[in-house]
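This note's numbering puts the first residue of the sequence shown at 379, with every later residue one more than the last.
Note that CB positions come from ideal geometry on N, CA and C, so glycine has one too.
The structure appears below as structure tokens.
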Amino acid sequence: MTWLTQDAYDRLNAELEELSGPARIEITRRIEAARAEGDLKENGGYHAAKDEQGKMEARIRQLTQLLREAKVGAPPTADDGVAGPGMVVTVRYSDGEEETFLIGSREEAAVTDHTVYSAQSPLGRALTGAKPGESRTYTAPNGRDITIELLDAKPYLG
379 MTWLTQDAYD RLNAELEELS GPARIEITRR IEAARAEGDL KENGGYHAAK
429 DEQGKMEARI RQLTQLLREA KVGAPPTADD GVAGPGMVVT VRYSDGEEET
479 FLIGSREEAA VTDHTVYSAQ SPLGRALTGA KPGESRTYTA PNGRDITIEL
529 LDAKPYLG
């Protein structure tokens, strides 16, 4: 399940409407114009437009599924200071360095200035359910074990 702020949901819904309407009509027009030029085997414009159409249709399917399954608003953990999706967290690494980021989705990353880590990433999974003062260890993609302490968790407000 993906949690989205209302802003992210609205932006993705607008993208879907554009792709499903005006953009789909335009790509169909470009394919028809290229097809009218004749021999399709050597028609670069036709093949480029068909490729673009395939990518656009894949994005339409992706957005449709995402928006159908997304939960909009604050996740259930948002009010109790527990780390999880939709929370801006501050952590301290074992070397003393601190970092603040959003546990969210890549769709949220497009509309925020925060660094965003997925709740499904090793870091996101390790932090989910942690309360301030708790330490968690996770295995980074490079195979190293990293220990972090949760300092703060606040709801992301957009």
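Going by DSSP, name the residue or residues bridged to residue 533.
The residue you call residue 533 lines up with position 155 of the sequence shown. Beta-bridge partners of residue 533 (DSSP): 465.
Hey, how far is the Cα of residue 478 from the Cα of residue 500?
What you label residue 478 is simply residue 100 of the sequence shown in a count that begins at 1. What you label residue 500 is simply residue 122 of the sequence shown in a count that begins at 1. Our two residues, residue 478 and residue 500, have alpha carbons roughly 16 Å apart in a direct line.
Mark residue 414 as exposed unless 16 or more other C-beta atoms lie within 10 angstroms of its C-beta, in which case mark it buried.
The residue labelled residue 414 in the question sits at position 36 within the sequence shown. Classification of residue 414: exposed, given that the 10 Å Cβ count is below 16.
Threshold first: 3 residues or longer. Then list the beta strand (DSSP E) segments lying entirely within the segment 476 to 517, N to C.
Every unbroken stretch of the beta strand (DSSP E) spanning 3 or more residues and falling wholly within the segment 476 to 517 is given here in chain order: 476 to 482, 494 to 496 and 513 to 517.
Between the segment 523 to 533 and the segment 503 to 515, do at least 3 Cβ pairs fall closer than 8 Å?
With a cut-off of 8 Å on Cβ pairs, the segment 523 to 533 is in contact with the segment 503 to 515, counting three or more such pairs.
What's the gap between the Cα of residue 443 and the Cα of residue 492?
Start at 1 with the first residue of the sequence shown, and residue 443 comes out as number 65. Start at 1 with the first residue of the sequence shown, and residue 492 comes out as number 114. Between residue 443 and residue 492, the C-alpha separation is close to 25 Å.
Mind checking whether residue 382 and residue 450 have CB atoms under 7 Å apart?
Within the sequence shown, numbered from 1, the residue matching residue 382 stands at position 4. Within the sequence shown, numbered from 1, the residue matching residue 450 stands at position 72. Closer than 7 Å, so yes.
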